[in-house]
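Trainee:
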Amino acid sequence: MRIDASGLHYRQLNQQIKAAVAEGETEFELVNVCGHRYLGSGIDQPVNIRVEGIPGNDLGAFMSGPRIRCSGNAQDGIGNTMDDGLVVIPGHAGDVMGYSMRGGCIYVRGNAGYRIGIHMKSYLDKEPVVIIGGRVRDFCGEYLAGGKLIVLGLDQPAGEPLVGKYCATGMHGGTMYVRGEVDPALLRPGVSATEIGDDDRQVLRDLLAPYCAEFSLPLDEIVGGLFVRITPHTARPYGQLYAY
Amino acid sequence: MDMHRLPPFKIHAACGTLGILDRTRAAVPAEDIVRGMANMRERGNGLGAGYVGYGIYPEHADDYCLHMMGLDDGARERLRSYLQTVCNIRHDEPIQTRPTPTIHDEPILWRWFVQPREDKLAGRDPEDYLVNVVMTINRDVEGCYIASSGKNMGIFKGVGYPEPIAEYYRLEEYNAHCWIAHTRFPTNTGGWWGGAHPFGLLQWSIVHNGELSSYGVNKRYVASFGYECTLFTDSEVISYMLDLLCRRHRLTIEQAALAMAPPEWEEVDRVTDPARKRMLTIMRQTYPGALLNGPFAVIAGHDGGMVGLSDRLKLRPLVAAEKGARGYIASEEAAIWAAGGQPEKSWPVVAGQPVRFDLYEAKEAAA
């Protein structure tokens, strides 16, 4: 189903998509998208949605199953509290991506902004995965409780940090992988940054295979690079704060 | 006058900002910026919208243009009486408007092209003098507020959504090479005509998304240099700060940004280059009163171009883009697409680092 979004308010556009999903439609092509918010939000079917243009904030928020593929950049709040599905961004992503995300994958080919993957969490077989091709800014992985957050540092100027300040502040679960050096001054207390082992490399290979396929990137070369793994010292960093 | 007309329901949103500069001074049609603002309707709630246009009064390019908002019918004559004592009024006329369905309770809108009176200047800097005139009007001339006071520029703002405000002010009749616009979602103060953005003083104008938790400190700091905040909203102080830092203290835009959004001390401690460390330390020690704390994203206009600046933690969105001679800064990239199509290049503004678009002629003059 092809929908021309020009002239449509996001509510109308999302209502049309949801009505068609209820009728059994599984393939969507949205053209002339320009700032339409909440695309894919609240849909619990594994439908395919192609987005031509620039989607609005909260792309894929609260969604559980759709696979959204964009044509270029995307704005803030991608995958807010997303439960399942896939979001693919060939360009750059804005701030607060993957906030409280608890399942599914977000793949960004370019850079991403501030507060990426704040308080992502995992439970039983649910494990969110966020992969950024370029670099991220401050507060990446703040309060991270679960899932995998991977920063590849592709196409970056030499010497530029791949993560920003306050990285992994309050992290108490999950794993961050950064493909390159991480200045310890950018990390907050309570986390360790170590070189990865063979087990990690296999984990990365499994997670990066579909990412590399999506963007036609050389998997072996990317997996083979230097990776730093950031993990929390404890699952309860503030456990002693109120009970000393 | 009912200035606090609140809608009967809550709209979750945040302010929206957009600036477009044509660096060759070619006219940017007002409909472009209106289309971009309409795209961000969700970011405002109808309690304030406005525009600033640069290059709009070429026939009076050397005169300061005061845009007056008068709250009653006598305001204009009260202002005329005062202005005659301090300025030569070269020309004055109504700001043209048209009746627009959703726009009501509008103030008296009048523009005055003025020069400081030579006999009153007495050797003072004419722009310091003009600042004093504007502050005096806002404080002492009953029911009169000056929305803008620069040369060859003007601010058009009021209570409403951006599209009807543009229609009301007949913006399509102006040739501006730079438009900067705002749609307001007031958080801490009511919506009224004088509290809509942009705010302006002399050549500077600003639109602001966010709230200044440091407002009290900033207000007192600029007050010590003779600037008085009278418009019942935090954003006003930023335009005075820019005039203070860039004109009176002769800071560059980058230095002013450093005063307003300096790196944290922890970061200063990590700087290895001693000269830079010393400079950052001096700036922080000199300008504690200029530090804008809390979330903000600002687009500022001036005679030479347009600047975007966000707070140090990037608590409000700001994106920049380029397409040909045009530079764009906006709250959302989609607004830029809506205003002028897909840009050639777009990038998120980095926290605390100004992004600036200069008129090409300004760059040539500097080179």
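Chains D and U, in that order, give the protein sequences. Throughout the first sequence, residue numbering follows my numbering, covering 13 to 256 in sequence. Throughout the second sequence, residue numbering follows my numbering, covering 64 to 430 in sequence. All C-beta atoms, glycine included, are put in the ideal place defined by N, C-alpha and C.
CB D:GLY165 to CB D:ARG127, shorter than 7 angstroms?
Mentor: Residue 165 of chain D sits at position 153 when you count from the first residue of the first sequence. Residue 127 of chain D sits at position 115 when you count from the first residue of the first sequence. Not closer than 7 angstroms, so no.
Trainee: Between the region 136–156 of chain D and the region 348–357 of chain U, do three or more beta carbon pairs fall short of 8 angstroms?
Mentor: As far as the Cβ criterion goes, the region 136–156 of chain D does not touch the region 348–357 of chain U, which means the pair count is below three.
Trainee: Would you list the residues sitting across from U:PHE262 in a DSSP beta bridge?
Mentor: As a first step, residue 262 of chain U must be located in the second sequence, where it is residue number 199. According to DSSP, U:PHE262 bridges with U:ILE269.
Trainee: Check each residue of the region 322–355 of chain U: if its Cβ is closer than 9 angstroms to any Cβ of chain D, include it; give the result in chain order.
Mentor: Listed by position along the chain: GLU327, GLU329, GLU330 and ARG333.
Trainee: Nearest by alpha-carbon distance to D:ALA205: which of D:VAL215, D:PHE74 and D:VAL194 is it?
Mentor: Counting from 1 along the first sequence, the entry for residue 205 of chain D is found at position 193. When only C-alpha atoms are compared, the closest one is D:VAL194.
Trainee: Going along the chain, which residues of its own chain have a beta-carbon closer than 7 angstroms to the beta-carbon of U:ARG202, five neighbours each way excluded?
Mentor: Stepping through the second sequence from its first residue, residue 202 of chain U is reached at position 139. If we look at U:ARG202 and ignore the five residues flanking it on each side, its Cβ neighbours are GLU291 and THR293.
Trainee: Extract the residue ranges of the beta strand (DSSP E) inside the region 70–152 of chain U, only unbroken runs of 3 or more that lie entirely within it.
Mentor: Counting only runs of 3 or more, we get 79–85, 112–117 and 127–133.
Trainee: From the beta carbon of U:ASN102, is the nearest beta carbon of chain D less than 7 angstroms away?
Mentor: On the second sequence, position 39 is the one that residue 102 of chain U refers to. By this cut-off, U:ASN102 is an interface position.
Trainee: I'd like to know whether the C-beta of U:ALA397 is nearer than 7 angstroms to at least one C-beta of chain D.
Mentor: Within the second sequence, the letter at position 334 stands for residue 397 of chain U. Yes - at least one Cβ of chain D is within 7 angstroms of the one on U:ALA397.
Trainee: Going along the chain, which residues of the region 19–53 of chain D sit with their C-beta nearer than 9 angstroms to a C-beta in chain U?
Mentor: Taking 9 angstroms as the Cβ-Cβ cut-off against chain U, the residues of the region 19–53 of chain D that qualify are HIS21, TYR22, VAL45, CYS46, GLY47, HIS48 and ARG49.
Trainee: To test your reading of the DSSP string, which unbroken beta strand (DSSP E) runs of 3 or more residues are found completely within the region 382–417 of chain U?
Mentor: Listed in chain order, the complete beta strand (DSSP E) runs (minimum 3 residues) inside the region 382–417 of chain U are 382–386, 389–393 and 408–411.
Trainee: Kindly indicate if chain D contains any beta-carbon less than 7 angstroms away from that of U:PRO417.
Mentor: The residue you call residue 417 of chain U lines up with position 354 of the second sequence. No - not a single Cβ of chain D is within 7 angstroms of the one on U:PRO417.
Trainee: Count the other C-beta atoms from every protein chain shown that fall within 10 angstroms of the C-beta of U:LEU69, then say buried if there are 16 or more, exposed otherwise.
Mentor: Against the second sequence, residue 69 of chain U aligns to sequence position 6. Low confidence applies to U:LEU69: its pLDDT is 42, below 50, so where it sits in the model is not reliable, and the reading given next is rough at best. Classification of U:LEU69: exposed, given that the 10 Å Cβ count is below 16.
Trainee: What are the boundary residues of the beta strand (DSSP E) that D:LYS160 is part of?
Mentor: For the purposes of this step, residue 160 of chain D is taken as residue 148 along the first sequence, with counting starting at 1. First-last of the beta strand (DSSP E) with D:LYS160: 157–163.
Trainee: Under 9 angstroms, CB to CB, which of the residues in the region 55–82 of chain D have a partner in chain U?
Mentor: If the cut-off is 9 angstroms between Cβ atoms, the region 55–82 of chain D has GLY65, ILE66, PRO67, GLY68 and ASN69 near chain U.
Trainee: Starting from the C-beta of D:GLY68, find all residues in its chain whose C-beta is less than 7 angstroms away, skip the five residues before and the five after it, and write them out in chain order.
Mentor: Reading the first sequence from its first residue, position 56 is the one you call residue 68 of chain D. For D:GLY68, where only same-chain residues beyond five positions count, the Cβ hits under 7 angstroms are TYR22, GLY47, HIS48, ARG49 and GLN87.
Trainee: In terms of residues, what are the limits of the alpha helix (DSSP H) holding D:THR206?
Mentor: By 1-based counting over the first sequence, the position of residue 206 of chain D is 194. Per DSSP, D:THR206 belongs to no alpha helix (DSSP H); it is in the beta strand (DSSP E), 203–207.
Trainee: For the 8 angstroms Cβ check, are there 3 or more pairs between the region 234–242 of chain U and the region 86–106 of chain U?
Mentor: They touch, by the three-pair rule.
Trainee: For U:PRO157, count the other beta carbons within 10 Å of its own beta carbon; 16 or more makes it buried, fewer makes it exposed. Which is it?
Mentor: For the purposes of this step, residue 157 of chain U is taken as residue 94 along the second sequence, with counting starting at 1. Per the 10 Å Cβ criterion, exposed.
Trainee: Would you list the residues sitting across from D:ASN60 in a DSSP beta bridge?
Mentor: Your numbering for residue 60 of chain D matches position 48 in the first sequence. The partner list for D:ASN60 (beta bridge, DSSP) reads D:GLU39 and D:ARG79.
Trainee: How should D:ASN60 be labelled, buried or exposed, when 16 other C-beta atoms within 10 angstroms of its C-beta is the threshold for buried?
Mentor: Translated into the one-based positions of the first sequence, residue 60 of chain D becomes position 48. Answer is exposed; the Cβ neighbour count stays below 16.
Trainee: Going by C-alpha to C-alpha distance, which of U:ILE166, U:LEU172, U:ASN195 and U:PRO164 sits closest to U:PRO179?
Mentor: Locating residue 179 of chain U in the second sequence gives position 116, counting from the first residue. When each option's Cα is compared against that of U:PRO179, the closest is U:ASN195.
Trainee: Could you list which residues in chain U have their beta carbon closer than 9 angstroms to that of D:ARG149, in chain order?
Mentor: Counting from one through the first sequence, the residue named residue 149 of chain D turns up at place 137. Those within 9 angstroms of D:ARG149 in chain U are LYS377, PRO411, VAL413 and ALA414.
Trainee: Taking 7 angstroms as the cut-off, decide whether the C-beta atoms of D:CYS224 and D:LEU231 are in contact.
Mentor: Taking the first residue of the first sequence as 1, we reach residue 224 of chain D at position 212. Taking the first residue of the first sequence as 1, we reach residue 231 of chain D at position 219. Taking 7 angstroms as the Cβ cut-off, D:CYS224 and D:LEU231 qualify as a contacting pair.
Trainee: Compute the minimum distance between the beta carbon of U:GLU226 and the heavy atoms of the ligand SAH, and state whether it is under 6 angstroms.
Mentor: The model on display carries no ligand, and the ligand SAH is accordingly not part of it.
Trainee: For U:ALA286, collect the residues of the same chain with a Cβ closer than 8 angstroms to its Cβ; drop the 5 residues on either side in sequence, then sort them by chain order.
Mentor: What you label residue 286 of chain U is simply residue 223 of the second sequence in a count that begins at 1. Excluding residues within five positions, the ones whose Cβ falls inside 8 angstroms are CYS292.
Trainee: Using 8 angstroms for Cβ pairs, my map puts D:VAL142 next to D:MET109. What's the rounded Cβ distance?
Mentor: What you label residue 142 of chain D is simply residue 130 of the first sequence in a count that begins at 1. What you label residue 109 of chain D is simply residue 97 of the first sequence in a count that begins at 1. Yes, they are in contact, since the Cβ atoms of D:VAL142 and D:MET109 sit about 7 angstroms apart, within 8 angstroms.
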